[in-house]
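38 is the number that my numbering gives to position 37 of the sequence shown; each next residue is one higher, with no gaps. Here the structure is laid out as structure tokens; the discussion comes afterwards.
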Amino acid sequence: MKYLAAYLLLQIGGNASPKADDVKAVLSSVGIEADESRLSSLLSELDGKDINELIAEGSGKLASVSTGGASSGGAGAGSSSAAAGGAAAEEETKEEEAAEESDEDMGFGLFD
């Protein structure tokens with residue numbers, strides 16, 4: 002994934018056809034050592050192809066992936082919550098506030 006990200010960064014930056022040395026330079030600038038075989042494999046797969054067309058094709062394939070029906074379960078829960086009224090929403094808000102307060106008592110934060 003990091004090789005593809007570096008390749009895409011180079012293309013966004015104006016390099017229409019990044020070479021292995023270009024990708025290596027981007028990776029090494031952030032302290033990543035490039036694996037020659039993985040990099041050459043990626044470049045050979047992308048050689049002569051329009052990256053925008055590949056992204057569009059991949060997005061179309063991703064849209065056809067089943068999500069396992071998770072969205073239908075959420076709709077049922079939402080309708081029962083709406084039938085119960087605003088009381089349930091108030092209780093959830095109070096519980097979330099209590100959870101946030103207990104995190105503050107630990108003395109450290111996630112990004113400290």
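Virtual Cβ for every residue (Gly too), placed ideally from N, Cα, C. Fair warning: this is a prediction, and the values are worked out from it, not measured in the lab.
Secondary structure note for A64: its alpha helix (DSSP H) is the uninterrupted segment I52 to A64. When C-alpha distances from K25 are compared across L10, A17, E58 and A35, the shortest belongs to A35. Under the 10 Å beta carbon count, L63 is surrounded by fewer than 16 other beta carbons and is classified as exposed. For the pair S30 and E37, the Cα-to-Cα distance works out to about 16 Å. By the neighbour-count definition (other C-beta atoms within 10 Å, threshold 16), V27 is a buried residue. Here L9 is exposed, its C-beta having fewer than 16 other C-beta atoms within 10 Å.
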